[in-house]
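Written below as structure tokens is the structure these notes are about.
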Amino acid sequence: MTNKPRPGLAIAALSLGTALNPLNSSMIAVALVVLRQDFALDVATVTWVITSFYLASAAGQPLMGRLADRFGPRRLFTFGMAVVAISCLLAPFSPNFALVCVARALMAVGTATAYPCAVVMVSTLSRQANISSTRPLGRIQMANTSAAAVGPVVGGLLVSLVGWQALFAINVPISLLALIVVQRVAPPDVGRESGKLSALLRDSDIPGILAFIASLTLAMMALLNVMPAYRWWFIAVAVVLAGLFAWREFRFSPSFLDLRLLGRNRPLLLLYLGFAVFSAVYYFAFFGLPQLLQQAGKYDAGVVGLLMLPLLPCRFS
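Numbers in this note's numbering are just positions in the sequence shown, counted from 1, shifted up by 4.
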């Protein structure tokens with residue numbers, strides 16, 4: 005039986021799937037204190053639950069875009085939502101914090117499939133319906149923005165009423181709903197790229213992605229004073245890997261991060277540097293303030309989530 009494409013319902017399901025990444029990136033902010041208490045962690049260690057998610061997302065999205073071209077966006081979207089559902093179903097039973105971080109990384113990889121796949125499917129849906137893709141893409145972006153905004157509120161209520169485990173559990177029905185609806189009403193995959201998977205992976209700059217992740221991870225380990233005896237070794241290796249990453253990105257095409265474009269475009273480089281500084285200050289407050297309010301102010305996680313709402317518009321200004 006051939007599924008009949010239904011653009012409105014398909015776009016709603018795609019919006020639901022793409023919203024999982026910003027939702028999970030923001031609602032974890034109110035769970036850090038509870039995680040520290042449950043697993044007897046210090047402040048530095050608990051930040052790995054944030055770092056693992058962002059590193060996996062940053063590395064995953066460019067690669068998932070290429071894989072969508074090879075295997076089809078609907079198939080890859082379905083796979084991503086299944087990864088989210090499975091990882092979030094198992095995460096609440098994690099016996100230690102390391103497995104929680106692994107589950108967060110897997111969730112990030114799963115949610116990273118959603119946006120690149122959604123963009124391709126929206127383009128197909130728009131052509132079939134003979135409409136502009138601007139409005140559907142705008143709806144998806146609005147869903148992402150709204151999810152990030154309500155994340156601390158939703159997370160605060162879940163942590164307050166159930167516990168940190170609920171932050172994972174809530175993703176299971178959402179991802180399964182998005183999976184089922186997209187599988188039934190989104191356009192089928194056609195016109196996929198041919199060729200060997202090895203060639204696809206070679207063209208996806210896997211060495212560059214690995215060097216990027218490894219250099220950032222080692223730098224984080226040095227900054228967080230993980231294994232203090234090896235701190236300077238971590239820094240040295242991170243610098244070497246960062247240099248190798250830059251060397252490869254200048255010479256490989258298509259690159260994971262187009263450093264040549266930044267080198268040629270000074271205004272764009274300054275814009276990105278300014279955004280990096282803003283993001284550092286913003287996320288310092290975004291992830292630090294909830295811990296301060298919960299520990300020093302003795303506020304409940306649900307109240308902290310509500311108190312975080314005024315900070316969210318700064319992210320999109």
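In this text, a Cβ means the ideal position worked out from N, Cα and C, and glycines have one as well.
Put simply, the segment 248-259 does not touch the segment 111-120. Fewer than three CB pairs are less than 8 Å apart.
In this structure, Gly114 places its C-beta atom within 8 Å of the C-beta atom of Met85. Rounded to the nearest angstrom, the gap between the Cα atoms of Ala215 and Val230 is 20 Å. A distance below 6 Å between beta-carbons, with the five flanking residues on each side excluded, links Leu71 to the following residues of its chain, in chain order: Leu80.
With distances taken between CA atoms, Val87 lies nearest to Asn25 out of Thr51, Leu311, Asn25 and Gly247. Ranked by Cα distance from Val38, the options Phe83, Leu315 and Val308 are led by Val308. Taking the Cα positions, Leu13 is about 44 Å away from Ala246. At the C-beta level, Leu222 and Val241 come within 8 Å of one another. Here the segment 144-164 lies against the segment 26-37, with 3 or more beta-carbon pairs under 8 Å apart. Relative to the Cα of Leu310, the nearest Cα in the group Asn134, Pro294 and Leu18 belongs to Pro294.
Taking a C-beta distance under 8 Å as the contact criterion, Val126 and Leu18 qualify as a contact pair.
Rounded to the nearest angstrom, the gap between the Cα atoms of Cys92 and Val124 is 26 Å. Judged by pairs of C-beta atoms under 8 Å, the segment 128-137 does not touch the segment 280-293, as fewer than three such pairs exist. DSSP places Tyr303 outside both helix and strand once states are collapsed to three, so it counts as coil.
In terms of Cα proximity to Tyr287, the closest of Tyr303, Thr55, Ser150 and Phe43 is Thr55.
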